[in-house]
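Encoded as structure tokens, the structure appears first; notes follow it.
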Amino acid sequence: MGFQLNLGVSPTPTGTKRLFSNLRPVSTDRIERTEKEYEEYVRRRKRTERDCPITLKPGESETVLAGQKYSVIIGHDHGPGSYRFAVDIHYGFGLDLAFLFSDYEAAHLLSTAKLHNRITSTSTSSPATTAVLSLLPLEIRQTIYKFALPRGVWRMAGDETFERENFPRGIGDPSGFYYPLGKALSILRVNKQIRKEALPIAYCRTTFRLYNLDSAIKFLVAVGQIGRENIETLDLYWESTSEPAYNWDTDAIERPPGKLPADTASTCIQLLQQCKRLRHLTLHFDGDLIQEIGFDAFRSDAGVEGLCSLQGLKMVDVQELGVKPLESDFSKWLEGQMVDARKEA
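For the sequence shown, the positions run 1 to 345 when the UniProt record's numbering is used.
Have a look at this one:
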């Protein structure tokens with residue numbers, strides 16, 4: 001590629017790990033970083049549209065979003081290559097995330113943040129609904145929206161596209177107002193006022209199926225406050241692509257001890273705690289892994305303890321990876337703990 005990589009990793013304000021958009025830690029290994037840069041180089045060659053220019057100069061940083069509930073600071077690292085934009089996010093509920101974005105990802109974040117700031121600063125009142133709807137009471141309009149928004153299942157399709165486009169855009173839009181929930185939901189595109197009123201209902205009427213904790217984190221960040229506060233039904237697989245259950249060594253002969261995800265579980269729990277309307281939660285665990293680590297380790301796992309702290313759930317279903325119920329003391333114990341938490345809510 002014709003340049004010498006800078007392998008330094010920008011320090012984070014809170015000491016958290018800096019991650020790529022796929023939630024894998026930023027490495028200082030020259031081979032890994034070169035492979036990452038080459039992958040981005042190939043993607044850039046295939047893109048037909050031109051990348052949006054970024055005015056931030058090397059060594060500069062900018063607070064692109066600032067508020068009591070949410071702040072985002074982006075900095076331009078020194079050195080060549082695509083992955084040179086440090087992004088630090090702080091949530092008012094105590095979650096801090098730190099990323100290293102490519103110029104392509106940073107451009108998506110900045111463009112959405114500018115739109116968010118412009119709309120926030122200029123809108124003094126909500127635009128009127130269409131002539132007929134504006135004459136109806138809000139309760140009637142909400143009933144109409146429910147008929148226009150069918151119940152459905154949302155799955156993350158094209159994880160790489162999501163993490164490189166929708167995920168950075170979601171960071172730039174903390175409200176979640178602009179998140180593209182579904183192309184088929186045409187009512188959300190009529191005008192801003194109808195979208196504002198109908199979007200929460202669309203989240204309530206959708207089951208979100210997330211096949212690992214990494215996808216769950218990216219999704220719950222991207223949908224913003226509107227999404228998190230209105231999701232009612234979630235189907236979640238309790239495993240992580242960035243924290244595999246078995247950390248294989250190249251010289252290992254036997255399978256290493258298994259473990260449940262830790263860092264991704266902690267982050268996911270913090271985001272799930274912000275899902276105030278979450279009522280139905282289906283959890284999928286690896287039954288063989290649970291049997292291997294044993295009941296005591298399962299019960300004392302920090303992620304499992306976090307699940308037991310979730311409030312307001314009406315239904316909890318613990319299953320084997322797939323659709324088969326997990327018939328074991330582990331699942332019965334977890335369901336019982338979460339039911340008790342529900343009664344205390």
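Every residue, glycine too, gets a C-beta built ideally from N, C-alpha and C.
* Asked: Looking only at its own chain, which residues have a Cβ that is under 8 Å from the Cβ of D103, when we skip the five neighbours before and after it?
  -> D51, I54, S82, R84, F85
* Asked: How many angstroms separate the CA atom of K36 from the CA atom of G75?
  -> 20 Å
* Inspect the beta-carbon positions of A98 and R18 and report whether they are closer than 7 Å. => yes
* Once you ignore the five residues that flank Y237 on each side, which residues in its own chain have a CB closer than 6 Å to its CB? -> Y211, N212, H284
* Span separating the alpha-carbon of R277 from that of S300 -> 27 Å
* Looking at C-alpha atoms only, which residue of E320, G336, G176, N22 is the closest neighbour of E305? -> G336
* Whole runs of the beta strand (DSSP E) within the region 167 to 240, excluding any shorter than 3 residues -> 206 to 210, 233 to 237
* Which term fits I140, buried or exposed, when burial requires 16 or more other beta carbons within 10 angstroms of its beta carbon? -> exposed
* For my contact list, P168 and S21 are in at a C-beta cut-off of 8 Å; report their separation, rounded to the angstrom. => 7 Å
* To do: Give me the Cβ distance between L149 and A198, rounded to the nearest whole Å; I'm assuming they're in contact under 8 Å.
  => 7 Å
* Report yes if the CB atom of D329 is closer than 7 Å to the CB atom of T264, and no otherwise. => no
* Counted within 10 angstroms of its Cβ, other Cβ atoms place A216 as buried (16 or more) or exposed -> buried
* Could you give the DSSP three-state label for A86: helix, strand or coil? => strand
* Specify the secondary structure class of F298 as computed by DSSP and reduced to three states. => helix
* Asked: Which class does V318 belong to by DSSP, given the choice of helix, strand or coil?
  -> strand
* A302 and A262 look like a contact to me (Cβ under 8 Å); what is the Cβ gap, rounded to whole Å? -> 7 Å
* To do: To the nearest angstrom, report how far apart P257 and E292 are at their CA atoms.
  => 8 Å
* Does the distance from the CB of H116 to the CB of D173 come in under 7 Å? -> yes
* Asked: Between the C-alpha atoms of P58 and H78, what's the straight-line distance to the nearest angstrom?
  -> 5 Å
* To do: Could you pull the start and end residues of the beta strand (DSSP E) that E62 belongs to?
  => 61 to 65
* Asked: Can you tell which of G312, I290, G294 has the C-alpha that lies nearest to the C-alpha of V318?
  -> I290
* Quick one: what does DSSP say G336 is sitting in, helix, strand or coil? -> helix
* How many angstroms separate the CA atom of R44 from the CA atom of Y38? -> 10 Å
* Is it buried or exposed for E32, if we count other Cβ within 10 angstroms and need 16 for buried? -> exposed
* Cβ distance (whole Å) where Q270 is taken to contact L95 below 8 Å -> 5 Å
* Asked: When burial is assigned at 16 or more other CB atoms within 10 Å of the CB, is M315 buried or exposed?
  -> exposed
* **Proximity winner among G176, R118, A107, G224, relative to R164 (alpha-carbon distances)** => A107
* To do: Keeping to the same chain, check which residues put their C-beta closer than 7 Å to that of T12; ignore five residues upstream and five downstream.
  => R18, D88, A98
* For H108, three-class secondary structure by DSSP -> helix
* To do: Classify N191 as buried or exposed, calling it buried when 16 or more other Cβ atoms lie within 10 Å of its own Cβ.
  => exposed
* **F20 - DSSP class collapsed to helix/strand/coil** => coil
* Asked: Does DSSP put A98 in a helix, in a strand, or in coil?
  -> strand
* Whole angstroms is fine: what's the gap from F3's alpha carbon to S27's? => Model confidence at F3 stands at a pLDDT of 49, short of 50, so the residue's coordinates are unreliable; what they give is reported in the following sentence. Their Cα atoms are separated by approximately 18 Å.
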